[in-house]
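Q: Numbering (the working numbering), first residue to last: 323 to 658.
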Ligand SMILES: [Zn+2]
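#1: Residue 488 and residue 567 look like a contact to me (Cβ under 8 Å); what is the Cβ gap, rounded to whole Å?
#2: Measure how close the beta-carbons of residue 587 and residue 630 come, nearest whole angstrom, since I'm counting them as under 8 Å.
#3: Using 7 Å as the cut-off, classify the Cβ of residue 575 as near or not near the heavy atoms of ligand 1, replying yes or no.
#4: I believe residue 540 touches residue 511 by the beta-carbon criterion, under 8 Å. Please report the beta-carbon distance rounded to the nearest angstrom.
#5: Using 8 Å as the Cβ pair cut-off and three pairs as the minimum, do the segment 462-474 and the segment 531-549 touch?
#6: Check whether the Cβ atoms of residue 513 and residue 524 sit closer than 8 Å, and answer yes or no.
#7: On the three-state DSSP scale, how would you describe residue 542?
#8: For the 8 Å Cβ check, are there 3 or more pairs between the segment 616-635 and the segment 576-584?
#9: Between the alpha carbons of residue 641 and residue 468, how many angstroms are there, rounded?
#10: Compare the C-beta of residue 514 against all C-beta atoms of chain B and say whether one is closer than 8 Å.
#11: Please list the terminal residues of the continuous beta strand (DSSP E) segment that includes residue 634.
#12: Name the two residues that bound the continuous beta strand (DSSP E) containing residue 573.
#13: Buried or exposed: where does residue 478 fall if 16 or more other Cβ atoms within 10 Å of its Cβ makes it buried?
#14: Could you compute how far the alpha carbon of residue 447 sits from the alpha carbon of residue 614?
#15: Per DSSP, what are the beta-bridge partners of residue 606 in this structure?
#16: Residues in its own chain within less than 6 Å of residue 397 by CB, not counting five upstream and five downstream?
#17: Would you call residue 647 buried or exposed, if buried means 16 or more other Cβ atoms sit within 10 Å of its Cβ?
#18: Please report the distance separating the alpha-carbon of residue 412 from that of residue 621.
#19: What's the C-alpha gap between residue 451 and residue 521?
#20: Taking just the CA atoms, how far does residue 432 sit from residue 458?
#21: Does the beta-carbon of residue 572 have 16 or more other beta-carbons within 10 angstroms, so that it is buried, or is it exposed?
#22: When you measure from the CB of residue 492 to every non-hydrogen atom of ligand 1, does any distance come out below 7 Å?
#23: Would you tell me roughly how many angstroms separate the C-alpha atoms of residue 549 and residue 499, rounded to the nearest one?
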């Protein structure tokens with residue numbers, strides 16, 4: 323009857339091992355089941371493996387944080403009461419990354435805008451992470467306008483169409499000359515015929531209310547701008563050659579009662595121009611409000627002819643800049 327204790331002990335040990343193994347397998351199966359069906363349950367506590375995997379997958383380069391946040395923040399996006407006013411939750415850590423497969427709401431933040439361009443999604447996400455004060459609509463049009471890039475790098479070459487948007491992201495060909503130019507009175511200055519006619523109407527209307535306007539600068543050749551730019555030693559108030567609106571023949575610098583219009587502060591003449599320019603097809607191109615967008619200092623004297631339709635639309639639509647107008651109305655865009 324007496325069995326060798328060693329054997330009995332081995333048998334009992336075998337049961338314990340089997341039981342332990344069974345429990346471990348059951349636990350493993352349970353964890354796998356939870357991972358597949360309710361992954362969020364694994365996140366807050368102790369599942370660093372998942373979160374880390376997500377971080378490694380999505381991060382690793384400059385802007386990686388933005389990409390991963392935008393791709394992996396469905397909670398903030400889906401639950402946001404007003405997608406238009408919300409921004410993606412950028413505070414989320416690696417935990418959110420695990421939910422990447424469910425990230426359906428993030429795109430909606432941008433896609434609600436008519437001027438959304440699907441191939442720019444990554445750029446929208448990156449720009450928003452850098453400029454968290456912007457709402458989603460601003461992010462979309464600003465990226466469309468190229469504002470997420472550096473000045474003078476990879477500028478698009480444009481030469482026609484209306485409006486003809488020239489700025490640090492859009493330049494003219496080196497040999498650009500307007501198709502047609504006309505003289506402004508006997509001044510020797512030139513602009514496109516439409517611009518000259520519109521200026522006459524603007525000037526006459528101003529004169530009718532007691533304000534005198536003249537043109538101080540209009541069309542400039544690229545060579546002239548080259549000299550101007552070199553004299554002014556670099557970027558600032560003077561545009562780089564090929565980047566100046568004055569090459570288009572559609573931009574005018576106005577003289578007011580004391581020299582360049584409102585250069586030394588607001589005057590009734592300058593205020594009249596700011597109020598009425600759109601009625602004659604002009605916009606005040608560089609305002610105090612749009613400096614960050616245009617890259618130019620406030621130039622109350624510099625007006626640009628875009629035609630009464632666009633100038634009126636910009637006025638009534640509350641567009642802050644020609645950049646914003648073109649970005650939001652791609653059909654009014656650029657001719658290459
Ligand atoms: Zn000017």
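By construction, the Cβ of each residue, glycine as well, lies at the ideal position given by its N, Cα and C atoms. Keep in mind the model is a prediction, meaning the values are calculated, not measured.
A: In short, the structure shows the following:
#1: Between residue 488 and residue 567, the beta carbon gap of about 5 Å places them in contact (Cβ cut-off 8 Å).
#2: 29 Å between Cβ atoms; not a contact.
#3: Checking every heavy atom of ligand 1 against the Cβ of residue 575, one is found closer than 7 Å.
#4: Contact holds; Cβ gap of about 4 Å.
#5: no
#6: no
#7: coil
#8: yes
#9: A straight line joining the alpha-carbon of residue 641 with that of residue 468 spans about 17 Å.
#10: No chain B appears in this structure, which consists of one protein chain only.
#11: Run containing residue 634: none in the beta strand (DSSP E); it sits in the alpha helix (DSSP H), 630-639.
#12: 573-578
#13: exposed
#14: 20 Å
#15: 625
#16: Here the model assigns residue 397 a pLDDT of 32, short of 50, so the residue's position is not dependable and the matter cannot be decided.
#17: So residue 647 ends up on the buried side.
#18: For residue 412, the pLDDT reaches just 39, beneath the cut-off of 50, and the residue's location in the model is therefore unreliable, leaving the point undetermined.
#19: Near 43 Å, if we compare the C-alpha coordinates of residue 521 and residue 451.
#20: 6 Å
#21: buried
#22: Checking the Cβ of residue 492 against ligand 1 gives no.
#23: 17 Å
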